[in-house]
Amino acid sequence: MNVIIFCSPLYDEIITLCLDLGELDGAIAIVADMETTGITVPDQTLDKVISARQSNESPRLEHEEPPSSSESS
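Residues 1 to 73 (UniProt numbering) make up the sequence shown, in order.
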């Protein structure tokens, strides 16, 4: 018989705090450990971690582009 254990709100809060503090690696490690031990991670929590990782990999997308060097003063 397989037992599915769902993520408690405490785990979700800890993962959210890691993301808020910029500790992306910590959040990923917690999610990985939870999945390894059989704890089901809610889709919303996974979405938060994936979004944070994607925005961390491509930070230029949301920031202002550097000024063009072709402009003269």
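Quick reminder that beta carbons are idealized off the backbone N, C-alpha and C, glycines included.
Can you give, in chain order, each stretch of the alpha helix (DSSP H) that sits fully within the stretch 4–49 and has at least 4 residues? 9–20 and 24–36
Of the choices 52, 22, 36 and 31, whose alpha-carbon is the least far from that of residue 10? Along the sequence shown, one-based indexing puts residue 10 at 10. Per the Cα distances, 31.
Suppose contacts are defined by Cβ-Cβ distances below 8 Å. Is residue 49 in contact with residue 29 by that definition? Within the sequence shown, the letter at position 49 stands for residue 49. Within the sequence shown, the letter at position 29 stands for residue 29. No, they are not a contact pair.
Contacts around residue 57, its chain only, beta-carbon distance under 6 Å, and the 5 residues preceding and following it disregarded: Position 57 of the sequence shown holds residue 57. Around residue 57: no qualifying Cβ.
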